[in-house]
Ligand SMILES: NC(=O)c1ccc[n+]([C@@H]2O[C@H](COP(=O)([O-])OP(=O)(O)OC[C@H]3O[C@@H](n4cnc5c(N)ncnc54)[C@H](O)[C@@H]3O)[C@@H](O)[C@H]2O)c1
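Residue numbers (the numbering used here): 107 to 352.
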């Protein structure tokens, strides 16, 4: 129960890695506010988290929408009085090569990852600063460090998250707030399951551990960063890739 007594907000909690993080946090004793653009799936995660003992509320929020994020965060603070842990996980890709990436898709991908992450941090940093306590974990991707083929906007957005993480870590360190990024490799989530087997095989063949990650293997690392066991880690980019693109 390494998160007992903590309040955590997880974005993109309706499925995949975000859902696993929510359930892991509930198992570790945290209370939860869950955001997802899909309120239905988010509510299902909230119900499952409650069965694990968490006090939990689901919110239908588009993280790229600043007003929605700030409004929902105010509600969260009314209900829970504070947020100790923020996990910025919501996101999606609109894969395209350089000459095919459209302005619309470029904007959408940068908005959900970069603006979405900034929106949530700006809404919750003030309460963390006042309380001199906070753990912020931003879900980037190994593509943010190494680049991905036909992933122009996504790699730019995920690389941006690494820079944003380091910059905010420098600013918030004096307020006892740890800010870190997690860089998953290929992880077996509903979105990845829809991808062509050929693409996945190519990655798995190049991965020393010879398989995809399970979402709970990413959630375990996030739970460590959210706990006081990681008290001297900030500004880091933790790769959880099975050795792919090390
Ligand atoms: N699965 C992988 O292989 C992998 C690898 C590296 C990084 N990541 C990153 O991990 C995170 C989760 O990935 P996943 O595979 O679980 O994704 P997923 O598509 O399975 O789930 C993402 C969740 O985010 C929600 N979401 C999407 N846009 C949103 C918005 N604007 N506002 C609020 N919620 C929104 C979706 O509704 C969904 O519930 C993403 O940031 C992704 O880029 C995933």
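We treat Cβ as the ideally placed atom computed from N, Cα and C, and that holds for glycine. These figures come from a predicted structure and were not determined experimentally.
Close beta carbons around residue i, own chain, < 8 Å, minus the five adjacent residues each side
| i | result |
| --- | --- |
| residue 317 | 310 and 348 |
| residue 201 | 256, 257 and 260 |
| residue 171 | 225 |
| residue 327 | 288, 344 and 346 |
Spatial distance of residue i from residue j (CA atoms)
| i | j | result |
| --- | --- | --- |
| residue 308 | residue 188 | 44 Å |
| residue 180 | residue 304 | 45 Å |
| residue 332 | residue 221 | 22 Å |
| residue 154 | residue 146 | 13 Å |
| residue 112 | residue 159 | 13 Å |
| residue 199 | residue 144 | 16 Å |
| residue 140 | residue 337 | 24 Å |
| residue 117 | residue 135 | 18 Å |
| residue 161 | residue 343 | 30 Å |
| residue 250 | residue 217 | 15 Å |
| residue 324 | residue 290 | 7 Å |
| residue 312 | residue 352 | 11 Å |
| residue 211 | residue 219 | 12 Å |
| residue 300 | residue 107 | 34 Å |
| residue 184 | residue 122 | 28 Å |
Nonlocal neighbours in the same chain, by C-beta distance under 6 Å from residue i, ignoring five residues either side
| i | result |
| --- | --- |
| residue 254 | 261 |
| residue 234 | 240 and 283 |
| residue 229 | 175, 176 and 179 |
| residue 329 | 130 and 134 |
| residue 244 | 194, 223, 267, 271 and 287 |
Residue i - containing alpha helix (DSSP H), residue span
| i | result |
| --- | --- |
| residue 262 | 258 to 278 |
| residue 227 | 222 to 237 |
| residue 147 | 145 to 157 |
| residue 206 | Run containing residue 206: none; DSSP gives neither H nor E here. |
Opening and closing residue of the beta strand (DSSP E) in which residue i lies
| i | result |
| --- | --- |
| residue 142 | 137 to 142 |
| residue 346 | 343 to 346 |
| residue 163 | 162 to 166 |
| residue 184 | Counting along the chain, residue 184 falls outside any beta strand (DSSP E), though it belongs to the alpha helix (DSSP H) covering 172 to 186. |
| residue 114 | 113 to 117 |
Min CB distance residue i to chain B below 9 Å
| i | result |
| --- | --- |
| residue 155 | Any reference to chain B falls outside this structure, which holds one protein chain only. |
Residue i Cβ short of 8 Å to ligand 2 heavy atom set
| i | result |
| --- | --- |
| residue 131 | Absence of ligand 2 is noted for the structure shown, with ligand 1 being the only ligands found. |
Cβ-based neighbour list, residue i, same chain, cut-off 7 Å, excluding 5 preceding and 5 following
| i | result |
| --- | --- |
| residue 275 | 285, 340 and 341 |
| residue 120 | 142, 144, 147, 148 and 151 |
Original post:
Using 8 Å as the Cβ pair cut-off and three pairs as the minimum, do the segment 264 to 284 and the segment 295 to 303 touch?
Top reply: no
**OP:** Decide yes or no for the touch test of the segment 204 to 211 against the segment 261 to 270: beta carbon pairs closer than 8 Å, at least 3 of them.
**Re:** no
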